[in-house]
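S.K.: Chains as they are written, first to last, in our numbering: chain A, 1 to 322; chain B, 323 to 644. The beta-carbon is built from N, C-alpha and C at its ideal position, and this holds for glycine as well. Structure in structure tokens, see below.
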């Protein structure tokens, strides 16, 4: 059985997008439900999702484990897995880890770009690694079954998390910095350590993570995929597109600024390019998975490897962590 | 005019304690109103204080600036200044800095023992210094008039805060580590930098910060005071007793554990001594200021210096930061 999984999207959710994901043949999507929301605000987001599930029950349902990916495949639907891009919903309370899991959370980043109570983000000057509270949170996430996601974390914090966690962790959406040296991309050393520990990297299609950004070519992306497979092993990579379809620019501003600063922070953007960047034309939305399939074939991957990268590797990861 | 000020107490507040502070001749006390409380919980604490102010209006009132210390002296009362031992009440929102100030907050620690969103606490393994959000918060605290208190912070974070802050900062309750090498006590380098920037150190009478703990002698404490005055200048030191009168041991447990860990953390205590330690017999409560007065005289301080250490230095600091 082959699966197609996009392990990170943060779209402005509406039926149209569920239809696109369906057309793309995605059996599972890990969706970002919160950035800086606290526990109560997270609950509101889950209510909004309940409405989506009710109104689009022919296309989507809430996934809880790898079995729901199998179910989605059988029923020709997309299983939606909840994740957080910051640890804000657990606030300063270890007991909320279990609570957010009860409400569907399967992935949680220990940090967004800044320092959190758990670890250091990749936009801080110094990285002190996983904190006292962070160690406790990782233990608890392991216990209840939430995957540690270090996509936006700094290097030492990520290495700490890999070491402390008893289960494999994930970087759901980032690329190797050997290909494009963005702050959010990851070093070879880190990626090797990640794969040796059974962890997964979701390759990102977000222009700020791509060589030549919006003008990145499919060939260049697939070449990078091949080199990353050499580095990490072909079974430890998947896709985490970071698609932000139909989001207004006010959302990326909020993602970067939250409520922590009175002056504007541009994150990966800049004063002249503050908004969401344009996607490369071969990956406008998840239907670009077809182009990835051709591109990966052309670069020399065999069918099994391609099916691994485009979904089966994530499926096996979901199986390992459950 | 001479003032007596204790710049840190966290007692189990009731009339008896306000009477003791009155008997001790204290014109001002900086009280800890919260540790790990969020904004809403802080508001509840201020309501409890409103009740104290109403029921004990013959003894105490809420202080907002140095003028209230003058007023307290004139009216034979004690001005109460609000402070936080953690930054929890501002949550992740820069706009709450002004809000907590509007509700009386005059001192805020950037961290308790652990990493916070603003800086690193003294019980973390690594200290990454003041964070991105921390820089913004310091700017905002400077603007609205909240003093940065680094009593429970790690060294680099404290040096960062001194450098970033445009107003002098305080370490309201700690001692020099040259005298007693506790995790919470401070290095000579830090204390020199603090005083050179116009900052204040409040000497602590909490047994875990004292040489020989509960058995610390008045002579030893006053000798330490003399050496600290040599190091920092006699005008940059005061008292921040850290008195925790009538608090049940459950409170110290909560102070240390908050809600961040499921296993017990003993902080400055230990498994065999988990509770509040016994005060030395020459400083059972704030009436011990009398003993400090004699002790400081005996060690060779003149009257002006003694009045400085026991209150006037803090009074002048309050004047400088307003």
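With DSSP collapsed to three states, give me the class of residue 561/B.
M.R.: Of the three classes helix, strand and coil, the one that applies to residue 561/B here is strand, per DSSP.
S.K.: Classify residue 170/A as helix, strand or coil using the three-state DSSP reduction.
M.R.: Looking at residue 170/A - three-state DSSP - the assignment turns out to be strand.
S.K.: Answer yes if the segment 133-150 of chain A comes into contact with the segment 449-464 of chain B, meaning at least three C-beta pairs across the two stretches below 8 angstroms, and no otherwise.
M.R.: With the cut-off at 8 angstroms, the segment 449-464 of chain B and the segment 133-150 of chain A do not touch.
S.K.: Relative to the C-alpha of residue 473/B, which residue among 413/B, 417/B and 409/B is closest?
M.R.: The shortest Cα separation from residue 473/B among 413/B, 417/B and 409/B belongs to 409/B.
S.K.: What's the C-alpha gap between residue 323/B and residue 626/B?
M.R.: Distance between the alpha carbons of residue 323/B and residue 626/B: 11 angstroms.
S.K.: I'd like the ranges of any alpha helix (DSSP H) spanning at least 4 consecutive residues and lying wholly in the segment 373-455 of chain B.
M.R.: Here the runs fully enclosed are 388-397 and 418-424.
S.K.: Under 7 angstroms Cβ-Cβ, which residues of chain A neighbour residue 364/B?
M.R.: Correct list: empty, because the minimum Cβ distance to chain A is about 14 angstroms.
S.K.: Near residue 477/B, what residues of its chain come up, given a Cβ to Cβ distance below 7 angstroms and the 5 sequence neighbours on each side ignored?
M.R.: Answer for residue 477/B: 449, 509 and 512, listed in chain order.
S.K.: So within the segment 503-588 of chain B, which uninterrupted alpha helix (DSSP H) runs reach at least 4 residues, ignoring any that extend past its ends?
M.R.: Listed in chain order, they are 510-518, 540-554 and 571-579.
S.K.: When you compare only the Cα positions, how much space is there between residue 119/A and residue 413/B?
M.R.: The straight-line gap from Cα to Cα measures roughly 17 angstroms.
S.K.: For residue 256/A, count neighbouring C-beta atoms within 10 Å of its own C-beta (all shown protein chains included) and say buried if the count is 16 or more, exposed if not.
M.R.: Its Cβ being crowded by 16 or more others within 10 Å, residue 256/A is buried.
S.K.: At what residues does the alpha helix (DSSP H) containing residue 484/B begin and finish?
M.R.: Taken as a continuous stretch (DSSP letters only), the alpha helix (DSSP H) holding residue 484/B covers 477-486.
S.K.: Which residues does DSSP list as the beta-bridge partners of residue 176/A?
M.R.: 186/A.
S.K.: Run down chain A in chain order and give the residues with a C-beta less than 7 angstroms from the C-beta of residue 358/B.
M.R.: Near residue 358/B (Cβ distances below 7 angstroms), the residues of chain A are 92.
S.K.: Could you check where the alpha helix (DSSP H) with residue 621/B kicks off and where it finishes?
M.R.: Note, residue 621/B: alpha helix (DSSP H), 611-621.
S.K.: For residue 142/A, return the contacting residues in chain B, with the cut-off set at a CB-CB distance below 9 angstroms.
M.R.: Under the 9 angstroms cutoff, chain B gives no residues; its nearest Cβ is about 13 angstroms from residue 142/A.
S.K.: Roughly how many angstroms separate the alpha carbons of residue 612/B and residue 574/B, rounded to a whole number?
M.R.: The straight-line gap from Cα to Cα measures roughly 27 angstroms.
S.K.: Is the CB of residue 301/A under 7 angstroms away from at least one CB in chain B?
M.R.: It does not; no Cβ of chain B falls within 7 angstroms.
S.K.: Should the segment 579-592 of chain B be regarded as contacting the segment 545-563 of chain B, the criterion being three or more beta carbon pairs within less than 8 angstroms?
M.R.: Segments in contact, no.
S.K.: What is the DSSP secondary structure of residue 137/A, reduced to helix, strand or coil?
M.R.: Note: residue 137/A maps to helix in three-state DSSP.
S.K.: Just to confirm, are residue 58/A and residue 286/A a CB contact at a threshold of 7 angstroms?
M.R.: Against a cut-off of 7 angstroms, the Cβ pair of residue 286/A and residue 58/A comes out as no contact.
S.K.: For residue 237/A versus residue 584/B, is the C-beta distance shorter than 7 angstroms?
M.R.: In this structure, residue 584/B does not lie closer than 7 angstroms to residue 237/A by Cβ.
S.K.: With distance defined between alpha-carbon atoms, name the residue in 592/B, 337/B and 482/B nearest to residue 378/B.
M.R.: For the residues 592/B, 337/B and 482/B, the minimum Cα distance to residue 378/B belongs to 337/B.
S.K.: Alpha carbon to alpha carbon, how far is residue 422/B from residue 292/A?
M.R.: Cα-Cα distance, rounded: 52 angstroms.
S.K.: Can you pull the chain A residues whose beta carbon is under 9 angstroms from the beta carbon of residue 535/B, in chain order?
M.R.: Here the premise fails: no neighbours, minimum Cβ distance about 24 angstroms.
S.K.: With hydrogens ignored, establish whether the beta-carbon of residue 30/A is closer than 6 angstroms to any heavy atom of the ligand FMN.
M.R.: This structure does not include the ligand FMN; it has no bound ligands of any sort.
S.K.: Quick one: does residue 128/A have its CB under 7 angstroms from some CB of chain B?
M.R.: Output row for residue 128/A: interface = yes.
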